[in-house]
Amino acid sequence: MATGKNPDHDELIHIAPEMAVAEADVRPEEAGEFVRGTSLWRDAWRRLLKNKLAVFGLIVVIIITIASLAGPTVIKRTFGFTADYIPSQDIRMAQSFPPFTGPDGEFSWLHPMGTDNLGRDQLARVLQGGQISLFVGIIATLVSLLIGVTYGAIAGYFGGRIDNVMMRLVDVLYSLPYVILVIVLLSMFRSQTPRGQLTLLFVAIGSVSWLTMARIVRGQILSLKNQEFVLAARATGVSGGRIIFRHLIPNTLGPVIVYATLSIPQIMLTEAFLSFLGFGVQAPLSSWGSLAAEGVQNIGIFPWQLIFPGVTMALTLFSLNFLGDGLRDALDPQMRTV
Amino acid sequence: MSSVDGNLLEVKNLRTYFDTEDGMVKAVDGISFQLKRGETLGIVGESGSGKSVTNLSIIRLVPDPPGKIISGEVIFNNTDLLMLPSEAIRKIRGRRIAMIFQDPMTSLNPFMKISRQLMEMTELHLGHTKAQAYDHAIKMLETVGIPDARTRADSYPHEFSGGMRQRVMIAMALSCEPELLIADEPTTALDVTIQAQILELIKTLKRETGTSVILITHDLGVVAGMTDHVIVMYAGKIFEQAPTTELFSKPGNPYTKGLLRSVPDPTAEQGKLYQIPGLPPDVAHLKPGCPFAPRCDRVEEICHKEFPPFVQLNADHYSLCHFAREVYADSGGTPA
Numbered sequence: 193m194a195t196g197k198n199p200d201h202d203e204l205i206h207i208a209p210e211m212a213v214a215e216a217d218v219r220p221e222e223a224g225e226f227v228r229g230t231s232l233w234r235d236a237w238r239r240l241l242k243n244k245l246a247v248f249g250l251i252v253v254i255i256i257t258i259a260s261l262a263g264p265t266v267i268k269r270t271f272g273f274t275a276d277y278i279p280s281q282d283i284r285m286a287q288s289f290p291p292f293t294g295p296d297g298e299f300s301w302l303h304p305m306g307t308d309n310l311g312r313d314q315l316a317r318v319l320q321g322g323q324i325s326l327f328v329g330i331i332a333t334l335v336s337l338l339i340g341v342t343y344g345a346i347a348g349y350f351g352g353r354i355d356n357v358m359m360r361l362v363d364v365l366y367s368l369p370y371v372i373l374v375i376v377l378l379s380m381f382r383s384q385t386p387r388g389q390l391t392l393l394f395v396a397i398g399s400v401s402w403l404t405m406a407r408i409v410r411g412q413i414l415s416l417k418n419q420e421f422v423l424a425a426r427a428t429g430v431s432g433g434r435i436i437f438r439h440l441i442p443n444t445l446g447p448v449i450v451y452a453t454l455s456i457p458q459i460m461l462t463e464a465f466l467s468f469l470g471f472g473v474q475a476p477l478s479s480w481g482s483l484a485a486e487g488v489q490n491i492g493i494f495p496w497q498l499i500f501p502g503v504t505m506a507l508t509l510f511s512l513n514f515l516g517d518g519l520r521d522a523l524d525p526q527m528r529t530v
Numbered sequence: 036m037s038s039v040d041g042n043l044l045e046v047k048n049l050r051t052y053f054d055t056e057d058g059m060v061k062a063v064d065g066i067s068f069q070l071k072r073g074e075t076l077g078i079v080g081e082s083g084s085g086k087s088v089t090n091l092s093i094i095r096l097v098p099d100p101p102g103k104i105i106s107g108e109v110i111f112n113n114t115d116l117l118m119l120p121s122e123a124i125r126k127i128r129g130r131r132i133a134m135i136f137q138d139p140m141t142s143l144n145p146f147m148k149i150s151r152q153l154m155e156m157t158e159l160h161l162g163h164t165k166a167q168a169y170d171h172a173i174k175m176l177e178t179v180g181i182p183d184a185r186t187r188a189d190s191y192p193h194e195f196s197g198g199m200r201q202r203v204m205i206a207m208a209l210s211c212e213p214e215l216l217i218a219d220e221p222t223t224a225l226d227v228t229i230q231a232q233i234l235e236l237i238k239t240l241k242r243e244t245g246t247s248v249i250l251i252t253h254d255l256g257v258v259a260g261m262t263d264h265v266i267v268m269y270a271g272k273i274f275e276q277a278p279t280t281e282l283f284s285k286p287g288n289p290y291t292k293g294l295l296r297s298v299p300d301p302t303a304e305q306g307k308l309y310q311i312p313g314l315p316p317d318v319a320h321l322k323p324g325c326p327f328a329p330r331c332d333r334v335e336e337i338c339h340k341e342f343p344p345f346v347q348l349n350a351d352h353y354s355l356c357h358f359a360r361e362v363y364a365d366s367g368g369t370p371a
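Residue numbers (our numbering), protein chains in the order written: chain A, 193 to 530; chain B, 36 to 371.
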């Protein structure tokens with residue numbers, strides 16, 4: 193029944209009391225055939241699917257994620273080389289071929305995106321780079337979620353002096369030029385192994401990216417904690433921690449999810465930027481940023497070395513942004529009308 | 036472990052102040068009252084008279100800062116709640132003293148299923164397992180008259196109407212069989228027809244469980260049908276305190292008289308409704324003298340200068356007025 197599912201229905205009661213008297217309170221006509229109502233999430237999902245750009249973004253993100261995860265393995269099974277395979281035995285192979293071109297200059301399916309300077313397959317490298325780029329984006333966002341949400345929620349809920357101290361710390365960290373901070377961190381602790389360098393990159397990006405999240409969540413909690421349901425929960429003897437994590441944080445999830453989705457591309461961009469400068473991912477690991485950095489050196493002669501990683505990254509970032517915007521509209525329908 | 040005189044709750048000289056930029060707001064200023072087991076006490080007053088703060092003070096939920104309980108005792112079952120550590124008071128909230136709030140639209144968590152919110156209570160206080168708590172939740176929903184409780188329990192609050200949500204709140208409040216139920220304007224946000232249903236429900240459940248009730252309201256009609264005793268509050272003070280029938284038939288305070296006159300009479304001809312002139316005072320800047328003096332219709336010079344005495348008019352009847360005896364006599368009472 194439409195009435196049971198429509199969240200505006202209660203407003204209707206306020207506006208039209210004479211209607212309310214007729215069917216208020218018990219609504220016997222539907223009590224028998226009560227259908228399980230739509231949760232807020234299902235509502236949001238429906239709205240998201242109506243947004244064409246967001247659906248496009250979602251599909252592209254899914255395709256790129258699957259391709260990045262499965263791609264390198266598939267290529268290895270089919271053609272027998274990995275992303276870091278350097279055909280050094282055959283000097284004819286160890287050079288940069290244009291897309292769809294074999295060693296003899298003929299058309300070939302072997303390297304759809306061509307090869308890089310050392311003859312490594314560009315497609316495999318882009319896909320493997322995608323793994324790392326997405327990984328960095330998602331993990332760093334999760335870290336920022338974990339720290340930022342907890343930190344912001346605690347500051348917002350307790351308020352007063354605790355809030356003041358906690359948020360001033362955030363302000364201080366905010367005021368540091370964070371790219372420089374990350375560069376300093378990365379160069380100070382420059383690791384010898386590529387994996388170590390990657391871990392450092394996580395730490396560096398993660399340590400600064402939670403700040404905005406903490407502010408967003410604190411703001412949300414500040415406005416939520418004075419609502420009656422929090423007082424009601426406290427009046428039933430629920431403890432502070434439980435109120436924060438069970439009652440308040442779920443209510444902030446809308447904006448948090450939106451911000452998290454939008455911060456994935458942001459972090460990926462930061463990673464690309466750092467890798468481009470040579471501080472991020474080190475060879476033989478690749479990310480879209482480090483591939484672009486290699487490509488840009490040969491832009492005049494081998495443009496495909498820049499074009500493919502660049503376009504893939506741009507497409508992913510676009511899609512994630514569209515998806516984030518779509519999620520914002522879906523989770524917070526009032527915002528669109530403003 | 037009931038106290039000797041059968042008092043479940045005894046509030047003595049409670050003062051709750053709010054430290055605001057505008058100065059010290061004396062929201063509750065020296066309130067004392069008792070509540071016997073099984074009794075219903077009504078607290079009446081205009082908005083801002085300190086009704087809600089009184090009750091939030093009882094379970095120590097006054098927002099601090101800016102609010103602070105300056106002094107007083109809240110003796111519940113022989114324990115001073117104001118002295119308890121916060122862990123202990125949390126075990127009392129919901130378990131032995133439960134509260135229902137004014138606006139059922141906002142007092143349920145919009146992100147939690149109804150069943151979940153009910154289960155939280157008994158899991159917390161009665162140590163129920165999930166399954167036990169769920170069954171108990173369904174039972175409570177049936178008790179408060181929600182049809183088809185088993186299916187509806189898994190709905191979200193936005194799928195319920197206002198009256199239904201207030202029923203859920205009552206189910207929640209009563210699920211641990213508290214000894215005291217504080218209902219803070221439980222029907223203010225509801226339609227008149229639903230109001231009657233909800234009040235009837237509270238009354239029935241009270242009779243069945245023997246719970247004592249404090250009913251906060253600004254609706255004198257509600258008080259008349261529901262309570263044994265009434266406290267009339269104004270500017271953080273008790274202006275009059277009497278058994279319900281006595282208060283309605285023989286009010287001993289000009290303010291109570293004004294309130295009673297302000298109740299619209301549906302049988303009367305269409306005409307101007309009576310209202311007490313003026314506005315409630317700013318409790319941050321009270322002048323010496325009676326806080327009601329500027330609005331009172333039988334004000335005299337002394338009212339502006341001296342704070343009125345709390346006069347005992349009868350065994351159980353007190354009034355805060357310089358002319359309490361005269362007013363009481365005017366209403367037909369014989370001062371003791």
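Each residue gets a CB set at the ideal place from its N, CA and C atoms; glycine is no exception.
Listing by chain order, which chain B residues have their CB less than 8 angstroms from the CB of residue i?
i: Asn443(A); result: Asn144, Pro145, Phe146
Going by CA-CA distance only, name the one from the options that's closest to residue i.
i: Gly502(A); options: Ser325(A), Leu373(A), Asn356(A); result: Ser325(A)
i: His160(B); options: Glu336(B), Ile110(B), Phe358(B), Arg128(B); result: Arg128(B)
i: Ala506(A); options: Gln314(A), Leu414(A), Arg410(A), Val253(A); result: Val253(A)
i: Pro192(B); options: Thr246(B), Gly180(B), Ile149(B), Glu45(B); result: Ile149(B)
i: Gly293(B); options: Thr244(B), Ile205(B), His339(B), Pro312(B); result: Pro312(B)
i: Val362(B); options: Glu341(B), Glu45(B), Cys331(B); result: Cys331(B)
i: Ala270(B); options: Ala277(B), Pro329(B), Leu236(B), Glu212(B); result: Pro329(B)
i: Ala427(A); options: Tyr290(B), Lys71(B), Met204(B), Thr369(B); result: Met204(B)
i: Ile375(A); options: Pro476(A), Glu463(A), Gly322(A), Asp517(A); result: Glu463(A)
Using a cut-off of 9 angstroms between C-beta atoms, extract the partners of residue i located in chain A.
i: Met207(B); result: Ala424, Thr428
i: Met134(B); result: Leu423, Ala424, Ala427, Thr428
Determine the contact status of residue i and residue j, defining contact as a CB-CB distance below 8 angstroms.
i: Val341(A); j: Val448(A); result: yes
i: Asn418(A); j: Pro145(B); result: no
i: Gly198(B); j: Leu225(B); result: yes
i: Val266(A); j: Met460(A); result: no
i: Ser142(B); j: Phe421(A); result: yes
i: Leu515(A); j: Arg317(A); result: no
i: Asp54(B); j: Pro120(B); result: no
i: Met268(B); j: Lys86(B); result: yes
i: Val400(A); j: Leu440(A); result: no
i: Ile105(B); j: Thr51(B); result: yes
i: Ser247(B); j: Leu49(B); result: no
i: Met261(B); j: Gly77(B); result: yes
i: Ala345(A); j: Met358(A); result: no
i: Ala522(A); j: Leu315(A); result: no
i: Val450(A); j: Arg520(A); result: yes
i: Ser84(B); j: Pro315(B); result: yes
i: Gly306(B); j: Ser366(B); result: no
i: Asp351(B); j: Ala277(B); result: yes
i: Gly433(A); j: Ala332(A); result: no
i: Thr75(B); j: Leu250(B); result: yes
Counting only Cβ pairs nearer than 7 angstroms, list the residues of chain B close to residue i.
i: Glu420(A); result: Phe136, Asp138, Thr141, Ser142
List the residues of chain A that residue i touches, going by C-beta distances under 8 angstroms, in chain order.
i: Lys61(B); result: Here the premise fails: no neighbours, minimum Cβ distance about 22 angstroms.
Under 7 angstroms Cβ-Cβ, which residues of chain A neighbour residue i?
i: Gly129(B); result: Ala427, Thr428, Gly429
i: Arg125(B); result: Gly429, Ser431
| query | Going along the segment 427-438 of chain A in order, which residues come within less than 7 angstroms of chain B, judged by CB to CB distance? | reply | Against chain B - using a Cβ distance shorter than 7 angstroms - the residues of the segment 427-438 of chain A are Ala427, Thr428, Gly429, Val430, Ser431.
| query | Which residues, in order along the segment 139-167 of chain B, keep a beta-carbon less than 8 angstroms from a beta-carbon of chain A? | reply | So the list reads Met140, Thr141, Ser142, Leu143, Asn144, Pro145, Phe146, Met147, Glu155, Met156, Leu159, His160, given in the order they occur along the chain.
| request: Using a Cβ-Cβ cut-off of less than 8 angstroms, give me the residues of the segment 333-367 of chain A that come near chain B, in sequence order. | output: The segment 333-367 of chain A vs chain B, Cβ under 8 angstroms: Gly352.
| request: Determine which residues of the segment 165-190 of chain B have a Cβ less than 9 angstroms from any Cβ of chain A, and write them out in chain order. | output: So the close ones are Gly180, Ile181, Pro182, Asp183, Thr186, Arg187, Asp189, Ser190.
| request: Starting from the N-terminal side, write out each stretch of the alpha helix (DSSP H) that is 4 residues or longer and does not extend beyond the segment 142-178 of chain B. | output: For the segment 142-178 of chain B, the continuous alpha helix (DSSP H) assignments of 4+ residues that do not extend past its boundaries occur at 149-160, 165-178, in sequence order.
| field | Interface residues of the segment 92-105 of chain B facing chain A [CB-CB below 7 angstroms] | value | Within the segment 92-105 of chain B, the residues whose Cβ lies closer than 7 angstroms to some Cβ of chain A are Ile94, Leu96, Pro100, listed in chain order.
| Of all the beta strand (DSSP E) runs that stay within the bounds of the segment 99-131 of chain B, which reach a length of 3 or more residues? | Runs found: 102-111.
| task | Would you list, in sequence order, the uninterrupted alpha helix (DSSP H) runs of no fewer than 4 residues that lie entirely inside the segment 343-426 of chain A? | result | DSSP runs (the alpha helix (DSSP H)) wholly in the segment 343-426 of chain A: 352-367, 370-380, 386-416.
| request: Taking only runs that begin and end inside the segment 420-478 of chain A, name each unbroken alpha helix (DSSP H) of 4 or more residues, in chain order. | output: Counting only runs of 4+ residues, the alpha helix (DSSP H) found wholly inside the segment 420-478 of chain A occupies 420-427, 441-469, in chain order.
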